[in-house]
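Chemist: When you line the sequence shown up against my numbering, it's residues 5 to 153, in that order.
All residues carry an ideal CB built from backbone N, CA and C; glycine is no exception.
Just so you know, these numbers come straight off a predicted model, no measurement behind them.
Dumping the structure here so I can ask a few things about it.
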Amino acid sequence: MKISIASGKGGTGKTTVSVNLARVLNKEIILADCDVEEPNAHLFLNTNGKSEEVVSILVPTVEEKLCNSCGECAKICEFSAIVSFGTLPLVFPEMCHACGGCAKVCPTGAIIEQDHRIGVVEISHDGNITLITGKLDVGVAMAPPLIRA
5 MKISIASGKG
15 GTGKTTVSVN
25 LARVLNKEII
35 LADCDVEEPN
45 AHLFLNTNGK
55 SEEVVSILVP
65 TVEEKLCNSC
75 GECAKICEFS
85 AIVSFGTLPL
95 VFPEMCHACG
105 GCAKVCPTGA
115 IIEQDHRIGV
125 VEISHDGNIT
135 LITGKLDVGV
145 AMAPPLIRA
């Protein structure tokens, strides 16, 4: 059985209901705190044995020696994460949505995708409850890839 508790409004008691429901069910429970900007389910549990996995997205870098300044990478980017004015492209990693389009359209192979850390996923335990918590790094605005991780 899967139970999801969600709301767009803060302070409605989602975490309180989730943690207490997990506590009263006397079976193995996976509790996922997907409020990656401000996770707080851990405050209501006595967790131990925490493991952590870094979550990254692929963002472009420009290999200057290969780039012919054609601007195709900037033209395809829907989020203006790459700009080019007839010069070497300038990349804004914090705006990139990791679609990979820029690397695909680059005629010279000058766009190389590299890992860019956006946060971590932590796994901890409290009795029969396994808590999975996503934590977005400060200043990062890309919550969906971390939630999917």
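#1: So if DSSP puts residue 65 in a beta bridge, which residue, or which two residues, is it bridged to?
#2: Could you give the distance in angstroms between the alpha-carbon of residue 132 and the alpha-carbon of residue 105?
#3: Is the distance from the Cβ of residue 34 to the Cβ of residue 134 below 7 Å?
#4: Beta carbon of residue 49, beta carbon of residue 130: below 7 Å?
#5: Please return the same chain residues whose Cβ sits closer than 6 Å to the Cβ of residue 77, not counting the five positions on each side in sequence.
#6: Within a Cβ cutoff of 8 Å, which residues of the same chain sit near residue 10, ignoring the five residues on either side of it in sequence?
#7: As an exercise, report each continuous beta strand (DSSP E) stretch of at least 3 residues that is fully enclosed by the region 77-138, in chain order.
#8: According to the neighbour-count rule (16 or more other Cβ atoms, all chains shown, within 10 Å of its Cβ), is residue 55 buried or exposed?
#9: Would you list the residues sitting across from residue 34 in a DSSP beta bridge?
#10: Residue 61 to residue 99, Cα distance in whole Å?
#11: Pick helix, strand or coil for residue 140, following the three-state DSSP scheme.
#12: Please state the DSSP three-state secondary structure of residue 52.
#13: Exposed or buried, which one is residue 45 when buried takes at least 16 other CB atoms within 10 Å?
#14: Look up residue 57 in the DSSP assignment and give the residues it is bridged to.
#15: Looking only at its own chain, which residues have a Cβ that is under 7 Å from the Cβ of residue 151, when we skip the five neighbours before and after it?
Modeler: Taking the definition as stated:
#1: 116
#2: 44 Å
#3: yes
#4: Result yes, Cβ atoms of residue 49 and residue 130 sit closer than 7 Å.
#5: 86, 93, 106, 110, 115
#6: The answer, listed in chain order, is 18.
#7: 115-130
#8: Exposed, because fewer than 16 other Cβ atoms sit within 10 Å of the Cβ of residue 55.
#9: 134
#10: 12 Å
#11: strand
#12: Three-state DSSP puts residue 52 in a strand.
#13: buried
#14: 125
#15: 38, 40, 138
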